[in-house]
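Undergrad: So the sequence lines, in the order shown, correspond to chains H and E.
Note that my numbering numbers the first sequence so that position 13 is 15, with each residue one more than the last.
Note that my numbering numbers the second sequence so that position 244 is 576, with each residue one more than the last.
Backbone N, C-alpha and C define an ideal beta-carbon position, used for all residues, glycine too.
Dumping the structure here so I can ask a few things about it.
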Amino acid sequence: MAHVLVVDDSSTMRGIVSSFLSQNGFDVAVASDGREGLAELGKDPAIRLVVSDINMPNMDGLTMAEKIRNELGNKDVRIVMLTTEDNSAIRARGREIGVTGWIVKPFRGEAVLGPFRKFCGLA
Amino acid sequence: MSEPTTLAAKVLLLEHDPAHYQALWDFGQTLGLVLLPRSATDALATLAQHKDLGGVLLAEDLPGDGAGAGALALAQAIHRQRPELPIFLRRCSAQPLGEAEARAVAHAWTDLDTLRGAMEHSLFSLRYPTELVNGIVELTSSAIRSMFPHALVANEPPYVVHDRIIFGQVSTLIALESTWCRGYMMLQTEESALRQGMMQGFGYEGVGGDLNFRELNNLLGETTNLIWGAFKNRYIPPQAFANQQTQVPIVINHEQKYISFGSQDPQLCIRYQLSDPRRPGLPPLIIVQRLIFNLLWSPEGFNEFAAAPAAQADTGELELF
Chain H
3 MAHVLVVDDS STMRGIVSSF LSQNGFDVAV ASDGREGLAE LGKDPAIRLV
53 VSDINMPNMD GLTMAEKIRN ELGNKDVRIV MLTTEDNSAI RARGREIGVT
103 GWIVKPFRGE AVLGPFRKFC GLA
Chain E
333 MSEPTTLAAK VLLLEHDPAH YQALWDFGQT LGLVLLPRSA TDALATLAQH
383 KDLGGVLLAE DLPGDGAGAG ALALAQAIHR QRPELPIFLR RCSAQPLGEA
433 EARAVAHAWT DLDTLRGAME HSLFSLRYPT ELVNGIVELT SSAIRSMFPH
483 ALVANEPPYV VHDRIIFGQV STLIALESTW CRGYMMLQTE ESALRQGMMQ
533 GFGYEGVGGD LNFRELNNLL GETTNLIWGA FKNRYIPPQA FANQQTQVPI
583 VINHEQKYIS FGSQDPQLCI RYQLSDPRRP GLPPLIIVQR LIFNLLWSPE
633 GFNEFAAAPA AQADTGELEL F
């Protein structure tokens with residue numbers, strides 16, 4: 003069972019985030035776009051945190067977040083966007099959708115370990 | 333406001349006369365030229381070794397290569413091999429150039445003022461503000477360090493190039509669009525050196541899988557994405573996200589490792605060296621960055637934008653909503 007779902011179309015980025023989280027006691031699942039992410043989340047109720055890129059093929063990260071909240075009706079899972087986007091309009095859309103937090107890449111694991119543990123009930 | 337920076341350009345120097353040689357050497361210092369002095373015999377080989385040349389300085393009375401070919405024949409041979417390189421011919425005679433010779437020689441000169449004008453027109457036709465060049469180096473170095481946290485990252489002095497030859501086997505291309513520029517950024521590196529760097533432990537543990545070419549492509553792709561994101565966040569104001577339709581074809585020749593963006597303007601080029609702090613004797617991994625503003629370039633627009641910079645993002649920090 004996974005605590006965290008990492009969604010990114012870049013296998014390098016998935017590797018960086020998931021290996022850091024695994025080394026720090028998280029169970030990690032991965033998906034390569036928003037569509038796969040939705041499917042993963044649908045079949046694993048143990049996921050407490052979704053860490054997702056925005057710009058991805060097939061389905062982008064914000065659309066996935068919107069579907070998690072509205073179509074799956076999942077209001078509990080924490081959704082953190084991990085993205086190069088720092089545009090205020092895009093952030094505002096994320097906030098409106100119900101995204102929990104925002105990280106501008108690059109990923110620095112040590113900076114987010116505390117909150118991630120709390121989100122997953124590991125603190 | 334940001335002043336244009338003095339960027340270097342590498343120029344092949346084919347000059348035998350000691351007085352002219354010294355005068356050109358001093359001239360090069362003032363204009364920011366990195367001169368590569370060579371003889372007629374090794375001129376063509378030098379073209380092959382130095383893909384990143386900006387031009388050629390050639391004396392009309394340069395002694396030949398021993399096979400009877402003179403400087404004007406050499407100019408034509410250089411032009412055939414590297415037609416993008418402007419040739420600056422120091423004239424010694426009043427005899428008009430033949431048609432083929434004139435086609436090969438971009439600029440003929442007899443005095444340094446004429447040469448300066450010709451070089452400023454062709455080698456340094458785009459001015460890159462110092463603040464922009466420094467900013468690009470800073471954000472790129474930071475992105476490279478975040479992807480290769482165990483490598484020492486240093487950059488060579490930025491310079492301008494006219495060649496269209498791709499360095500190495502792995503390259504990426506991403507569009508850059510702002511109110512003050514439109515063009516592309518490329519990253520280029522050698523596949524085997526990148527694999528070797530990852531085997532030495534430059535990257536994160538476990539990242540890159542079995543380091544096949546797809547994994548290595550992806551690694552350079554993600555590095556490009558990080559640089560692009562940082563560039564966008566720092567230099568692209570929100571009003572730049574307007575619909576921009578103009579495009580030009582990009583020509584790629586895989587056999588020749590050649591890419592053309594349809595512009596003759598000099599490209600900003602920066603080489604980054606990634607070395608292993610535990611094995612200082614090993615050759616570094618080289619990543620070459622090129623910026624090609626072929627669709628729009630307005631240093632004045634950049635200056636206006638740079639005068640009122642946007643707040644920079646705290647990368648890597650979690651902002652809770």
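Alpha carbon to alpha carbon, how far is GLY116(H) from LEU471(E)?
TA: If I take the Cα positions, the gap works out to 27 Å.
Undergrad: Say whether the segment 41-50 of chain H touches the segment 82-100 of chain H, bearing in mind that this needs 3 or more beta-carbon pairs closer than 8 Å, one atom from each stretch.
TA: Contact fails: fewer than three Cβ-Cβ distances are below 8 Å.
Undergrad: Is SER334(E) close to chain H, meaning its C-beta is less than 7 Å from at least one C-beta of that chain?
TA: Legend: pLDDT at SER334(E) = 46, less than 50; position of this residue unreliable, no value from coordinates given.
Undergrad: Can you list, in chain order, the residues of its chain whose CB lies under 7 Å from that of GLY27(H), leaving out five sequence neighbours each side?
TA: If we look at GLY27(H) and ignore the five residues flanking it on each side, its Cβ neighbours are LEU124.
Undergrad: If we count Cβ pairs, one from each stretch, closer than 8 Å, do we get three or more for the segment 516-524 of chain E versus the segment 543-562 of chain E?
TA: Contact between the segment 516-524 of chain E and the segment 543-562 of chain E is present, because at least three Cβ pairs lie under 8 Å.
Undergrad: Would you grab the beta carbon distance between ALA67(H) and LEU650(E) for me? Rounded to a whole angstrom, and I think it's under 8 Å.
TA: Between LEU650(E) and ALA67(H) the Cβ distance is about 16 Å, and since that is not below 8 Å, they are no contact.
Undergrad: Which same chain residues end up closer than 7 Å to LYS69(H) when comparing Cβ atoms and leaving out the 5 residues on each side of it in sequence?
TA: The residues are LEU40.
Undergrad: At a Cβ threshold of 7 Å, is LEU650(E) touching chain H?
TA: At least one chain H Cβ lies under 7 Å of LEU650(E).
Undergrad: With distances taken Cα to Cα, identify the nearest neighbour of ILE591(E) among GLN408(E), TYR604(E), GLY561(E), ILE624(E).
TA: Checked all of GLN408(E), TYR604(E), GLY561(E), ILE624(E); the closest Cα to ILE591(E) is ILE624(E).
Undergrad: Using CA coordinates, which residue listed in PRO481(E), ASN635(E), ILE497(E), HIS453(E) is at the minimum distance from HIS382(E)?
TA: For HIS382(E), the nearest C-alpha among the options comes from ILE497(E).
Undergrad: Whose C-beta lies closer than 7 Å to the C-beta of PRO616(E) among residues of the same chain, with five residues either side of it excluded?
TA: Cβ neighbours of PRO616(E) beyond the five flanking positions: GLN605, LEU606, SER607.
Undergrad: At 3 residues or longer, and completely inside the segment 402-437 of chain E: list those beta strand (DSSP E) runs for me, N to C.
TA: Counting only runs of 3 or more, we get 419-422.
Undergrad: Within 10 angstroms of its Cβ, does MET531(E) collect 16 or more other Cβ (buried), or is it exposed?
TA: Flag for MET531(E) reads exposed.
Undergrad: Helix, strand or coil for VAL114(H), going by three-state DSSP, please let me know.
TA: Residue state, collapsed to three classes: helix.
Undergrad: May I ask you to verify whether the segment 488-502 of chain E touches the segment 411-424 of chain E, counting CB pairs closer than 8 Å and requiring at least 3?
TA: Yes, the segment 488-502 of chain E touches the segment 411-424 of chain E.
Undergrad: Between which two residues does the alpha helix (DSSP H) carrying GLY533(E) extend?
TA: GLY533(E) -> no alpha helix (DSSP H), and no H or E assigned at all.
Undergrad: Exposed or buried, which one is MET333(E) when buried takes at least 16 other CB atoms within 10 Å?
TA: Because MET333(E) carries a pLDDT of 42, less than 50, the predicted location of this residue cannot be relied on, and the following value inherits that uncertainty. Flag for MET333(E) reads exposed.
Undergrad: Taking CB distances under 7 Å as the criterion, tell me whether GLY467(E) reaches chain H.
TA: No - not a single Cβ of chain H is within 7 Å of the one on GLY467(E).
Undergrad: Between which two residues does the beta strand (DSSP E) carrying MET518(E) extend?
TA: Here the beta strand (DSSP E) through MET518(E) covers 513-521.
Undergrad: Beta carbon of LEU484(E), beta carbon of PRO609(E): below 7 Å?
TA: Yes, Cβ-Cβ distance for LEU484(E) and PRO609(E) is below 7 Å.
Undergrad: Do GLY360(E) and ALA340(E) have their C-beta atoms within less than 7 Å of each other?
TA: Not in contact: GLY360(E) and ALA340(E) (Cβ atoms no closer than 7 Å).
Undergrad: Would you say LEU471(E) lies against chain H (beta-carbon separation less than 7 Å)?
TA: No, its Cβ sits nowhere closer than 7 Å to a Cβ of chain H.
Undergrad: Apart from the five residues just before and just after ARG80(H), which ones in its own chain have a Cβ nearer than 6 Å to its Cβ?
TA: Result list for ARG80(H): LEU51, THR102, PHE121, in chain order.
Undergrad: By alpha-carbon positions, which one of PHE109(H), GLY17(H), LEU74(H), ILE92(H) ends up nearest to ALA33(H)?
TA: Of the listed residues, the one whose Cα sits closest to ALA33(H) is GLY17(H).
Undergrad: Below 7 Å between beta carbons is the criterion; list the residues of the segment 15-26 of chain H that meet it against any residue of chain E, in chain order.
TA: So the list reads MET15, GLY17, ILE18, SER21, given in the order they occur along the chain.
Undergrad: Below 8 Å, can you find three or more Cβ-Cβ pairs linking the segment 442-455 of chain E to the segment 383-390 of chain E?
TA: Yes, the segment 442-455 of chain E touches the segment 383-390 of chain E.
Undergrad: Under 7 Å between the Cβ atoms of GLY538(E) and GLU547(E)?
TA: Against a cut-off of 7 Å, the Cβ pair of GLU547(E) and GLY538(E) comes out as no contact.
Undergrad: Report the rounded CA-to-CA distance for GLU108(H) versus GLY96(H), giving the unit in angstroms.
TA: This sequence places Pro at residue 108(H); Glu is not what is there. Approximately 19 Å between the Cα atoms of the pair.
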